[in-house]
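Asks: Provided herewith is a single structure, encoded as structure tokens, for subsequent inquiry.
Number of protein chains: 2
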Amino acid sequence: MSALSQSPYDAGLGKNPANYVPLTPLSFIDRSAYVYPDRIAIIHGARRYTWQEYARRSRRLASALRTLGVGRNDTVAVVLSNTPEMLECNFGVPACGAVLNTINTRLDAETIAFILNHGEARVLITDREFSRTVGPAVELAQRQGLVVIDVDDSEYLGAGERIGSVEYEAFLDGGQPDFEFEHPADEWNAISLNYTSGTTGNPKGVVYHHRGAYLNALSNIVSWGMPPHAVYLWTLPMFHCNGWCFAWTMAANAGVNVCLRKVDPALIFAAIREHRVTHYCGAPIVHAMLANAPEAMRAGIEHKVFGLVAAAPPPASMIEGMARIGFDITHVYGLTETYGPAAVCAKHDEWAELPLAQQVALNGRQGVCYHTQEGMTVLDPDTMTPVPRDNQTMGEVMFRGNIVMKGYLKNEKASAEAFRGGWYHTGDLAVMQADGYVKIKDRSKDVIISGGENISSIEVEDAIYKHPAVLAVAVVAMPDAKWGEAPCAYIELKDGVTLTAEDMLGHCREHLAGFKMPRRIVFAPLPKTSTGKIQKFVLRAQAGATDAIE
Amino acid sequence: MSALSQSPYDAGLGKNPANYVPLTPLSFIDRSAYVYPDRIAIIHGARRYTWQEYARRSRRLASALRTLGVGRNDTVAVVLSNTPEMLECNFGVPACGAVLNTINTRLDAETIAFILNHGEARVLITDREFSRTVGPAVELAQRQGLVVIDVDDSEYLGAGERIGSVEYEAFLDGGQPDFEFEHPADEWNAISLNYTSGTTGNPKGVVYHHRGAYLNALSNIVSWGMPPHAVYLWTLPMFHCNGWCFAWTMAANAGVNVCLRKVDPALIFAAIREHRVTHYCGAPIVHAMLANAPEAMRAGIEHKVFGLVAAAPPPASMIEGMARIGFDITHVYGLTETYGPAAVCAKHDEWAELPLAQQVALNGRQGVCYHTQEGMTVLDPDTMTPVPRDNQTMGEVMFRGNIVMKGYLKNEKASAEAFRGGWYHTGDLAVMQADGYVKIKDRSKDVIISGGENISSIEVEDAIYKHPAVLAVAVVAMPDAKWGEAPCAYIELKDGVTLTAEDMLGHCREHLAGFKMPRRIVFAPLPKTSTGKIQKFVLRAQAGATDAIE
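Sequence order for the protein chains is D and W. Mapping of the first sequence onto our numbering: position 257 corresponds to residue 257, and the numbering continues sequentially without gaps. Mapping of the second sequence onto our numbering: position 463 corresponds to residue 1463, and the numbering continues sequentially without gaps.
Here it is in structure tokens:
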């Protein structure tokens, strides 16, 4: 462009160190440690850390990692429970330029070994509790030079051995508490690596950047309406989508992180009562456990508690149950690929005056974009055109914006496939309702195709959930000689209740069209992931479905 | 970098339309119009606009501007009151790629003409009320092809003529309500141009970018702890630092903008009562007017009201007054160059238990960084080293981060000067207190140098403000044959109160060291800018100060 045609707005107004700093959530802990050094940041059993202590321990960690030669783009893998060490890794690891890879603590040794090698881990920080799988995983992985650091948590007294070369606290002692956080030179730099649970083939490594982590940390506050200094209970595993970015959110919020090693209603209610917990997140099963817990457990809890529910469409019974115990639940939606929550079923004041059943239906939708996401829609995946707002036409939920992953690590094919047409393809099938809210009908692979008709497994599940005896249900396809596939329902009943398959079929007939009726009913505990997601692929295998070997 | 040495994190994980979208506050109004189409967004007298209507009117504006050939980097200047049209300009102008230049409505014709020419305005949107100065300004400016659009507000019945070629509503009628907002290709693109009031020489044009506007819009929510759907009263002129980014904030918040043409306690309390206003911002004088208004005006207001105060250090009497009437005031600090507020005197719970005088002292400080600003500190401007936290050593307040301007338009010299050493230099002199909070002592040019001693004009003002009869005070330097300079105090008393200079000197002797005592006291109304900032340069001229001709 010639000097003559250049706009004054494009001349002499460039970036400089005073007016441009790459976005990173490291800024948030620095700020809270500076502004509120003596405020409690972490509660874990008898342990307490202030924001200053939290920041100093994170700086020690960054500094100690640096002495191992760990730096930009090096992977630090962790197999940790929701402990202070896990929180510290959310800052200490990126603060030396490295990438945090939080590994699901319930994975088997083979999968952990795969992840360590695929993610090219240089350091592994692991909690003694998980040594039975992590020990063999390290053996299997055979990674040259992998440094293994043990966390031996004072709050964990169970089985398990130290398997590493150094204990975490001793390792921290070698680091400098005044080490300066290394901010990324580019906000697009990787901050974390999160493997999808992968019901098909090997898990894929989802890469987050500093920019997205920063923006979603703020959006959790703004989209949820979280006030400053919230008391946040860690019911959600931090290895799940990086804890939905809430370690970073709580640093921006200058609130309290209440750690929790085990999702157990008695422990949760005790923490809510003792620490006046105001906020928590979890899969539907976590909330359902609270709603169904004995009333005595809730004694003495008078303050308002706010929960986010996601990871699976919340059944009506759960939403009703939470309303009954007075918890304020907001439904969010997202995937590992979208930094956790990237959509929220934003409430409207007037909904509060509707009958509960309608409220439940409205609040159970996946909703609309998070504040820092740019687009969420339902498109025909072939033509990439939006479906009409008719609550009928199925399409695929798609996202675009700044809280969509960089891509899959070392898997350009999968990245390109996920991003085709300029949108991230979720694989979730949904309709668009009249008010522009998205309602998921099913995962692509969960649709049951029976006699040429699509049956939404969620619709069948919702009908079954309406029965008061049901704690959890999963409906999957089973092979059917005549129809190709047919619905098979696995049902977990509440404690002390009995029910026959005939009772349940009678109930279903009141709620479902004939072709959607389950052809088989099995009463049994459901297999779940550590985040409470029902493992349909296990049930599909049991049901002998054709895709069971996928 | 060779393929061998490239990190997997740097390969195949680039930006694409699905995972990267430039930040812009246009996203916020799009979201609120989508999610809450029928929620009230704007109240102005008898007029009401929903979020959908607000967005559609903004789209019409963008579309109509486009038909004039207005596009990227074109300047659209406005001389508008706090009306719906002004709000619409905050979205409609950037939505066609143009730059919004909000001009102070109280400027004289010469200055407005200077701004129109310096900013190279292509379009001017102006309210009939200001035609007496804007008409001559347009004449003076002689800008070829300038299109002048009149706003003839139904809520304004006073004097003034239409001076343009088209009326705003007719202009909107020519635009398309479904025009798609043009998002910036680069988040660094200019979004607005704000001239500093300029007590010395010509005003300088501060350029904001989309990225900063987006981030400060969110920070206003997070740093203030603003809940969703706040009801925001526009006591702060939108031409002042782009209304501190609150037009954009309220779009993210999906709240209500209550417009206000005139800062008048009766109107303000009526709006608070009628619309249940929850939030507002203003200079200390605005809050002081409310605190000193007759109690009857507050009748019927039972709900909590939250105010931000900035633009001048709040006197203790104002903070006390607001505490007395039960308003919750937070002190923020910033400049035109920092998108309005870029620091906040973040409160600590334990302060609430201190004696009021101590609370006032703590809350009256400039405080700490906003969430989306990266750094705020006090440096020796010569050595660029931080002053110690001793509450004594004076230095200059400096900022760095993403809510610092791009620079001054067509003034590379001033930009370079402002950004020297990698920090934005505010020109405000301050100390650092033990807890890391910044306390401004004076503007560089407001320090009074008397007999070689620096006297903080603010300290003298604070002493005078302690007298219950004082409504407002400004202390400036006056020439003194013996000492070089000496303090001269201009005092505006509350209605119906009388006081002698001797009374005041007696009061001052209780609070000030001898060398800091005012040498002259003048009782008179103080000259103020439209934002309530006392115009010390006018007083300096009156006092015959040596820098009065600056």
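Every residue, glycine too, gets a C-beta built ideally from N, C-alpha and C.
1. Taking the beta strand (DSSP E) that D/Lys528 falls in, what are its first and last residues?
2. Runs of 3 residues minimum, wholly inside the segment 475 to 503 of chain D: which ones carry the beta strand (DSSP E) assignment?
3. Can you check DSSP and say which residues form a bridge with D/Asn454?
4. Please classify W/Arg1056: is it buried, with 16 or more other beta-carbons within 10 angstroms of its beta-carbon, or exposed?
5. Would you mind sorting D/Ile448 into buried or exposed? The rule is 16 or more other CB atoms within 10 Å of its CB.
6. Are D/Ile42 and D/Leu87 close, meaning C-beta to C-beta below 8 Å?
7. Determine the direct distance from the alpha carbon of W/Thr1372 to that of W/Met1384, and round the result to whole angstroms.
8. Between which two residues does the beta strand (DSSP E) harbouring D/Ile521 extend?
9. Anything in the segment 1152 to 1165 of chain W with a Cβ closer than 8 Å to a Cβ of chain D? List those residues in chain order, please.
10. For W/Lys1410, return the contacting residues in chain D, with the cut-off set at a CB-CB distance below 9 Å.
11. Roughly how many angstroms lie between the CA atoms of W/Gly1326 and D/Ala271, to the nearest whole one?
12. Quick one, which of D/Pro227, D/Lys304, D/Pro315 has its alpha-carbon nearest D/Met289's?
13. In whole angstroms, what separates the C-alpha of D/Val404 from that of W/Tyr1156?
14. Short check: CB of W/Leu1362 to CB of W/Glu1320, under 8 Å?
15. Output yes if chain D places a C-beta closer than 8 Å to the C-beta of W/His1371; else output no.
16. Considering only residues of the segment 71 to 111 of chain D, which uninterrupted alpha helix (DSSP H) runs meet the minimum length of 4 residues and lie entirely inside it, listed in chain order?
17. Taking 8 Å as the threshold (C-beta atoms), are W/Thr1075 and W/Asn1101 in contact?
18. What residues of chain C sit near W/Met1405, judged by a beta carbon separation below 7 Å?
19. Could you check which residue in W/Asp1495, W/Asp1349, W/Asp1328 has the C-alpha nearest to that of W/His1303?
20. Can a CB atom of chain D be found closer than 8 Å to the CB of W/Phe1419?
21. Please tell me whether D/Glu485 and D/Ala472 are closer than 8 Å, where the distance is taken between their beta carbons.
22. Against W/Leu1218, what residues of chain D qualify as contacts under a CB-to-CB distance less than 7 Å, listed in chain order?
23. Which of the three DSSP states, helix, strand or coil, is assigned to D/Lys439?
24. In angstroms with no decimal places, state the Cα-to-Cα distance between D/Cys89 and D/Gly496.
25. Helix, strand or coil: which one does DSSP assign to W/Cys1281?
26. Which class does D/Leu23 belong to by DSSP, given the choice of helix, strand or coil?
27. Could you work out which residues of chain W lie near D/Thr374, taking near to mean beta carbons separated by less than 8 Å?
28. Hey, does W/Pro1227 have any beta-carbon neighbour from chain D nearer than 8 Å?
29. Pairing CB atoms from the segment 6 to 18 of chain D with CB atoms from the segment 1419 to 1428 of chain W, are three or more of them under 8 Å?
30. Can you tell me which of the three DSSP states W/Arg1128 falls into?
31. Taking only three categories from DSSP, how would you classify D/Met1?
32. Could you check where the beta strand (DSSP E) with W/Glu1182 kicks off and where it finishes?
33. Report yes or no: is there a C-beta of chain D within less than 8 Å of the C-beta of W/Tyr1054?
34. Is D/Arg400 close to chain W, meaning its C-beta is less than 8 Å from at least one C-beta of that chain?
35. In whole angstroms, give me the CA-to-CA distance for D/Val332 and D/Leu215.
36. Which runs of the beta strand (DSSP E), 3 residues or longer, sit entirely within the segment 291 to 325 of chain D?
Replies: The short version:
1. The count along the first sequence starts at 1 and reaches residue 528 of chain D at position 528. No beta strand (DSSP E) contains D/Lys528, which DSSP labels as neither H nor E.
2. 484 to 493
3. In the first sequence, the residue the question calls residue 454 of chain D occupies position 454. Looking at the DSSP assignment, D/Asn454 forms a beta bridge with D/Ile449.
4. For the purposes of this step, residue 1056 of chain W is taken as residue 56 along the second sequence, with counting starting at 1. Result: buried.
5. Position 448 of the first sequence holds residue 448 of chain D. Under this definition D/Ile448 is a buried residue.
6. Start at 1 with the first residue of the first sequence, and residue 42 of chain D comes out as number 42. Start at 1 with the first residue of the first sequence, and residue 87 of chain D comes out as number 87. Yes, Cβ-Cβ distance for D/Ile42 and D/Leu87 is below 8 Å.
7. Here residue 1384 of chain W is taken as the residue at index 384 of the second sequence, counted from 1. Here residue 1372 of chain W is taken as the residue at index 372 of the second sequence, counted from 1. Each residue's Cα considered, the two are about 23 Å apart.
8. Within the first sequence, the letter at position 521 stands for residue 521 of chain D. Where D/Ile521 is concerned, the enclosing beta strand (DSSP E) stretches over 520 to 523.
9. none
10. Here the question's residue 1410 of chain W lines up with position 410 in the second sequence. Ordered by position in chain D, the residues that pass the 9 Å Cβ test against W/Lys1410 are Pro8, Ala11, Gly12.
11. Taking the first residue of the second sequence as position 1, residue 1326 of chain W is located at position 326. Taking the first residue of the first sequence as position 1, residue 271 of chain D is located at position 271. W/Gly1326 and D/Ala271: Cα-Cα distance of roughly 34 Å.
12. For the purposes of this step, residue 289 of chain D is taken as residue 289 along the first sequence, with counting starting at 1. When only C-alpha atoms are compared, the closest one is D/Pro315.
13. Against the first sequence, residue 404 of chain D aligns to sequence position 404. Against the second sequence, residue 1156 of chain W aligns to sequence position 156. Cα-Cα distance, rounded: 47 Å.
14. By one-based count along the second sequence, residue 1362 of chain W stands at place 362. By one-based count along the second sequence, residue 1320 of chain W stands at place 320. Cβ distance not < 8 Å, so W/Leu1362 and W/Glu1320 don't count as in contact.
15. Against the second sequence, residue 1371 of chain W aligns to sequence position 371. Yes, its Cβ sits closer than 8 Å to a Cβ of chain D.
16. 84 to 92
17. Here residue 1101 of chain W is taken as the residue at index 101 of the second sequence, counted from 1. Here residue 1075 of chain W is taken as the residue at index 75 of the second sequence, counted from 1. Closer than 8 Å, so yes.
18. Absence of chain C from the displayed structure is noted, the protein chains being D and W.
19. Numbered from its first residue, the second sequence carries residue 1303 of chain W at position 303. Selected option, being the one with the closest Cα: W/Asp1328.
20. On the second sequence, position 419 is the one that residue 1419 of chain W refers to. So, interface residue.
21. For the purposes of this step, residue 485 of chain D is taken as the residue at position 485 of the first sequence. For the purposes of this step, residue 472 of chain D is taken as the residue at position 472 of the first sequence. No.
22. Translated into positions along the second sequence, residue 1218 of chain W becomes position 218. Per Cβ cutoff of 7 Å: Leu218, Val222.
23. Working through the first sequence from its first residue, we reach residue 439 of chain D at position 439. Of the three classes helix, strand and coil, the one that applies to D/Lys439 here is strand, per DSSP.
24. Position 89 of the first sequence, counting from 1, holds the residue named residue 89 of chain D. Position 496 of the first sequence, counting from 1, holds the residue named residue 496 of chain D. Going from the Cα of D/Cys89 to the Cα of D/Gly496 covers about 43 Å.
25. Within the second sequence, the letter at position 281 stands for residue 1281 of chain W. Reduced to three states, the DSSP call for W/Cys1281 is strand.
26. The sequence position of residue 23 of chain D within the first sequence is 23, counting from 1. D/Leu23 falls in the coil class under three-state DSSP.
27. Locating residue 374 of chain D in the first sequence gives position 374, where the first residue counts as 1. Thr is not the amino acid found at residue 374 of chain D; the sequence shown has Glu there. By Cβ distance, chain W contributes Val1021, Ser1027.
28. Against the second sequence, residue 1227 of chain W aligns to sequence position 227. At least one chain D Cβ lies under 8 Å of W/Pro1227.
29. yes
30. As a working mapping, residue 1128 of chain W is identified with position 128 in the second sequence. In this structure, W/Arg1128 counts as helix in the three-state DSSP scheme.
31. The residue given as residue 1 of chain D occupies position 1 in the first sequence. Because the pLDDT of D/Met1 is 36, which lies under 50, any placement of that residue in the model is unreliable, and the question is left without a value.
32. As a position in the second sequence, residue 1182 of chain W is number 182, starting the count at 1. Counting along the chain, W/Glu1182 falls outside any beta strand (DSSP E), and DSSP gives it neither H nor E.
33. By 1-based counting over the second sequence, the position of residue 1054 of chain W is 54. Not one chain D Cβ lies under 8 Å of W/Tyr1054.
34. By one-based count along the first sequence, residue 400 of chain D stands at place 400. Chain W, which has a Cβ nearer than 8 Å to the Cβ of D/Arg400, makes this yes.
35. If you number the first sequence from 1, residue 332 of chain D lands on position 332. If you number the first sequence from 1, residue 215 of chain D lands on position 215. Near 16 Å, if we compare the C-alpha coordinates of D/Leu215 and D/Val332.
36. 306 to 309
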